[in-house]
Structure formats: structure tokens, C-alpha cells
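Numbering (our numbering), first residue to last: 76 to 193.
Here you go:
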């Protein structure tokens, strides 16, 4: 029995453009969300008060999101950044399901999209 090994096909142009578009869109979303956390937007302060983890965690989450947004746009770091942000969104989904009165759907959508890039 012989096994023939072939190289995996190169990504198509459409796939590459789609990945870059998704990376750009997610970078904007996470930059905005992280920026709101870092600047102390009243809604974000309330959310972290409700969760009960302290405002220091809001700052850490904001830094993670902003750093992840920037790293999504750096080719060598995009996959790791997407994985990092997906893990962050797992925490967000759990917080929405367990503590927060708002729907978890937006965080779940971001989880799926970042996991797609990871």
C-alpha cells in the first residue's frame, strides 16, 4: 500500500481577502470595545460592578482587547491574537449567561468569528 502526499492547496484570493476583511472588522470591534473599557465608559463601569470582579479587571480586559485588535492586523500574530480574543469571548459569554441581564448573543457571535480566524 502506498500513500501519496500532496501539498495542501494554497488559499484562494477570495479566501485571503475574506480573512483580511474579517480581521479588519474584528480589529475595529475590539478596538472600540477595549477603548470603552479603558476610558471608563459609564456602561462598562456598571457592567463590571454587576459582574463583581472589580474595576481593575475592566482595565485588564480593555488592554487585552486593544492589544488583540492591533495584533489581528499583524500577519505573524493574527492567529494567536484571534485565539486570545476567542478565549476572552468565552469569559464574556459566561458572564452574560450567569451574571448579566443582557443577551449573550453578541459575545457568542464574536467568539465564533474569532475562533474562525484562530
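Note that CB positions come from ideal geometry on N, CA and C, so glycine has one too. This structure is a prediction, so every number in the text was calculated from the model and none was measured.
| Query | Result |
| --- | --- |
| Beta-carbon proximity list for residue 174, same chain, < 6 Å, skipping 5 on both sides | 126 |
| Through-space distance from residue 164 to residue 185, alpha-carbon basis | 7 Å |
| Simplified DSSP state of residue 148, which is helix, strand or coil | coil |
| Chain C within 7 Å of residue 191, Cβ atoms only | The structure shown contains no chain C; it is built from a single protein chain. |
| Euclidean distance between Cα positions of residue 111 and residue 168 | 18 Å |
| Pair within 7 Å by beta-carbon distance, residue 156 and residue 143 | yes |
| Opening and closing residue of the alpha helix (DSSP H) in which residue 86 lies | Residue 86 -> no alpha helix (DSSP H), and no H or E assigned at all. |
| Close Cβ partners of residue 179 (< 6 Å) along its chain, the five nearest in sequence each way excluded | 168, 171 and 172 |
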